[in-house]
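Visitor: Right, I'll just put the structure down here and ask away after.
Chains as they are written, first to last, in my numbering: chain A, 2 to 267; chain B, 6 to 275.
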C-alpha cells in the first residue's frame, strides 16, 4: 500500500558511479548544488541538465524509473512554474483576460523549475547508486574533523545508520498492520478529515509499540556485543580514494568550471 | 511494484477450487507465494490477471466490506495488531465497524471470549499487560467475533509453545466441526498440517505443485524435500521401516496410524 516510494532507494549496479567512494559522491553532490545556486542563466542550467542526464546514462538507471520516483516533486515544480509565469512583471507576450505571460516570467519559470529539478535529480543519483550504509560511512569520515570540538560524529552516524536501516522494516510493518486492521473492517484514510485522522489510530499505536520494542531489542543486542560508542572502534569497510575517484573528481571539476563559464560568459 | 526494477511475478498460473467446509492446508517454502495467495482471498491484494471468486463475490468488485465480513484472516503474529485500551474493546473493533447493535455486540464478544478461553478479568486488562499466548488468543478472538465463513490462519502457531499450539488448534477444529466454517491453514509445520488438514495444497515458486489428501502429498516424500519442504517425522520413520518391512505403508502421517501399524507387526512377530 505504501511501497510506492521509490525516490532515493538504492539500486544495485556496478557502474563507475556505483563503485566510486561515497565521500567523492557526497562532495560532488554538495558542490554541484552550490553551482546550481550560483548560475541563473538558462543556458548554464541546460548544460547542467545535459551533464546530469549523462551521469544517469553512465550509472545505468533508467530515466523512466527516475522520473516516476520524482513524480510527487514534479507537482511542486509545475506549481511554481505556473506562479512564476503569471506573476512576473516585464515584457508582455500574451494576455488572457486579467492574466498575462511575460518574457521575463517565462525565463524565470524555466530557470527555477530546472534548478529544482536538477537539485533533486543530482541528490537522487547519489542515493540511487550508494547503499545507505556506505553513505553514512562517508558522512562519518567527512565530519571526522568535528570531533575536535567534541561533536559526537560517530554517534550521529550510528543513529543515521540505524534510522536508515529501519525504514524498510517500518514500511513493511506498517503495511502488515494496515492489512491486518483492514481485514477486521477498518477503512484507513477514508471519510472526512477527522475520520481520516482517527482511522490511523489502529495503525499508529501498534506501530509505536513495535518500534519501541525493536529499539529495546536492538539496544540489548548492541550492548551484549560490547558496543560502547566510537572509542577504539575500527571499521569493517575502510574507505579508500582510488584512481577512479581522482578521475571522476577531475572530470567533475572541469564540467562545473564549464557550467560556470557558460554562466559568466553568456 | 509494477513497472519498477523490483517487479516480480509472485503467483503464476494458480488455479484451484475450495469447497465449503473444507480444512485445507497451504504449504510451501518461504517466498513460494502462500501469503500472497491468501491476501487475495479478501481483496487486500488484487490480481493483475485472472479471476477469483470467494463466497460468490468477485474479489475485484466493489463489495470489499461484504467480502471481508465473510473471510477472516489471522495474520502471522496477530498480537501485533492489538491497540485498544482493553482486550474487550479490541475484540469489539471489527464489530463497531460493522454497526452491530449494542446487545448483540456484547453477546458475541462474551461468547467468543469463552471459546478462546479469555477470562472475564482478562477482558478488562490492557492488551499490553497479558502474556504472549493470551495476546495471541485475544487477537484471534478479534477475528472470530466477526463470525467469518472462511477462516484463514497464517502460521498461527509461530512462537507458541507445544501446549499453546495444541490448545489453539483444538479450538479451531471444534469451531470447524460445530460451525461448519471453511478453514485455510498456512504453515511450515508438516506435523500440524498432517494432524489437522484434510487437503494439502503444495506451493512452489508461485505455482501449485501438488494438491491432494495428506497421504497423497506426504507419500511423495523426496519430491517434497526437493522443493525445500519435508514430511512429518513419523512419515520419515515409516519410510525407513518400509525398507525392512515392505508391508509398512510409506504414506502414514499421524502417530495414531503409525502406532496401529507397528503394533500390528509386533504382535504378529511374537
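Yeah, the Cβ is synthetic: ideal placement off N, Cα and C, and Gly gets one too. Computed from a predicted structure; not experimentally measured.
So who's on the other strand from residue 58 of chain B, going by DSSP bridges?
Guide: B:63.
Visitor: Which runs of the alpha helix (DSSP H) fall wholly inside the segment 105–164 of chain B and span at least 4 residues, in chain order?
Guide: Segments of the alpha helix (DSSP H) lying fully in the segment 105–164 of chain B: 107–120, 125–128 and 137–149.
Visitor: Starting from residue 102 of chain A, follow the beta strand (DSSP E) in both directions and report where the run begins and ends.
Guide: From DSSP, the beta strand (DSSP E) with residue 102 of chain A extends over 100–103.
Visitor: Which term fits residue 233 of chain A, buried or exposed, when burial requires 16 or more other beta carbons within 10 angstroms of its beta carbon?
Guide: Exposed is the call here.
Visitor: Identify whether residue 96 of chain A lies in helix, strand or coil by the three-state DSSP scheme.
Guide: Reduced to three states, the DSSP call for residue 96 of chain A is strand.
Visitor: Residue 49 of chain B touches chain A at which residues, Cβ-Cβ below 7 Å?
Guide: The answer, in chain order, is 180, 183 and 184.
Visitor: Alpha carbon to alpha carbon, how far is residue 191 of chain A from residue 198 of chain A? Give it in angstroms, no decimals.
Guide: Near 9 Å, if we compare the C-alpha coordinates of residue 191 of chain A and residue 198 of chain A.
Visitor: What does DSSP give as the partner residues of residue 18 of chain B in its beta bridges?
Guide: Note: residue 18 of chain B sits in no beta bridge, so no partner.
Visitor: Find the residues of chain A that neighbour residue 102 of chain B, judging by a C-beta separation of less than 9 Å, and give them in chain order.
Guide: 185, 186, 187 and 188, listed in chain order.
Visitor: Specify the secondary structure class of residue 193 of chain B as computed by DSSP and reduced to three states.
Guide: DSSP places residue 193 of chain B in coil when its eight states are reduced to three.
Visitor: Determine the direct distance from the alpha carbon of residue 179 of chain A to that of residue 40 of chain A, and round the result to whole angstroms.
Guide: Rounded to the nearest angstrom, the two C-alpha atoms are 46 Å apart.
Visitor: In the segment 212–236 of chain B, which residue ranges form an unbroken alpha helix (DSSP H) of at least 4 residues, counting only runs that do not cross its ends?
Guide: Listed in chain order, the complete alpha helix (DSSP H) runs (minimum 4 residues) inside the segment 212–236 of chain B are 219–223 and 227–231.
Visitor: Going by the beta-carbon positions, is the gap between residue 104 of chain A and residue 92 of chain A smaller than 8 Å?
Guide: In contact: residue 104 of chain A and residue 92 of chain A (Cβ atoms closer than 8 Å).
Visitor: Can residue 77 of chain B and residue 148 of chain B be called in contact, C-beta distance under 8 Å?
Guide: Contact: yes.
Visitor: For residue 261 of chain B and residue 136 of chain A, what's the separation of their Cα atoms in angstroms?
Guide: For residue 261 of chain B and residue 136 of chain A, the distance between alpha carbons rounds to 59 Å.
Visitor: Excluding the 5 residues flanking residue 62 of chain B on each side, which residues of the same chain have their C-beta closer than 8 Å to its C-beta?
Guide: Once the five neighbours on either side are set aside, the close Cβ partners of residue 62 of chain B are 68, 71, 72 and 75.
Visitor: In terms of DSSP beta bridges, what is residue 31 of chain B paired with?
Guide: B:191 and B:206.
Visitor: Taking residue 78 of chain B as part of the beta strand (DSSP E), name the residues at either end of that continuous run.
Guide: Element bounds for residue 78 of chain B: 76–79.
Visitor: Quick check on DSSP: helix, strand or coil for residue 10 of chain A?
Guide: It is coil, neither helix nor strand.
Visitor: Sort A:109, A:262 and A:253 by Cα distance to residue 18 of chain A and report the nearest one.
Guide: It is A:253.
Visitor: Would you kindly report the start and end of the unbroken alpha helix (DSSP H) that includes residue 45 of chain B?
Guide: It spans 39–45 - the alpha helix (DSSP H) in which residue 45 of chain B sits, taken as one unbroken run.
Visitor: Among the candidates A:217, A:176 and A:111, whose CA atom is the shortest distance from the CA of residue 89 of chain A?
Guide: Measuring from the Cα of residue 89 of chain A, the nearest candidate turns out to be A:111.
Visitor: Residue 240 of chain A by DSSP, collapsed to three states: which one?
Guide: Residue state, collapsed to three classes: coil.
Visitor: In whole angstroms, what separates the C-alpha of residue 88 of chain B from that of residue 177 of chain B?
Guide: If you take the alpha carbons of residue 88 of chain B and residue 177 of chain B, they lie about 24 Å apart.
Visitor: Extract the residue ranges of the beta strand (DSSP E) inside the segment 103–163 of chain A, only unbroken runs of 3 or more that lie entirely within it.
Guide: Whole beta strand (DSSP E) segments, 3+ residues: zero.
Visitor: Classify residue 20 of chain A as helix, strand or coil using the three-state DSSP reduction.
Guide: Of the three classes helix, strand and coil, the one that applies to residue 20 of chain A here is helix, per DSSP.
Visitor: Are residue 14 of chain A and residue 60 of chain A closer than 8 Å when you measure CB to CB?
Guide: It is a contact, given that the beta carbons lie within the stated cut-off.
Visitor: Closer than 8 Å, CB to CB, is residue 169 of chain B near chain A or not?
Guide: Answer no: the Cβ-Cβ gap between residue 169 of chain B and chain A never drops below 8 Å.
Visitor: Between the Cα of residue 151 of chain A and those of A:186, A:231, A:170 and A:97, spot the shortest distance and give me the residue it belongs to.
Guide: Out of A:186, A:231, A:170 and A:97, A:231 has the C-alpha closest to the C-alpha of residue 151 of chain A.
Visitor: Does residue 87 of chain B come within less than 8 Å of chain A when only Cβ atoms are used?
Guide: Residue 87 of chain B counts as touching chain A.
Visitor: Give the interface partners of residue 70 of chain B over in chain A, defined as CB-CB distance under 8 Å, in chain order.
Guide: Result: 186.
Visitor: What does residue 153 of chain A touch in chain B if you count any residue whose Cβ is under 7 Å from its own?
Guide: Those within 7 Å of residue 153 of chain A in chain B number zero; the least Cβ separation is about 33 Å.
Visitor: Contact criterion: CB-CB distance below 8 Å. Does residue 172 of chain A meet it with respect to chain B?
Guide: No, because no Cβ of chain B sits closer than 8 Å to the Cβ of residue 172 of chain A.
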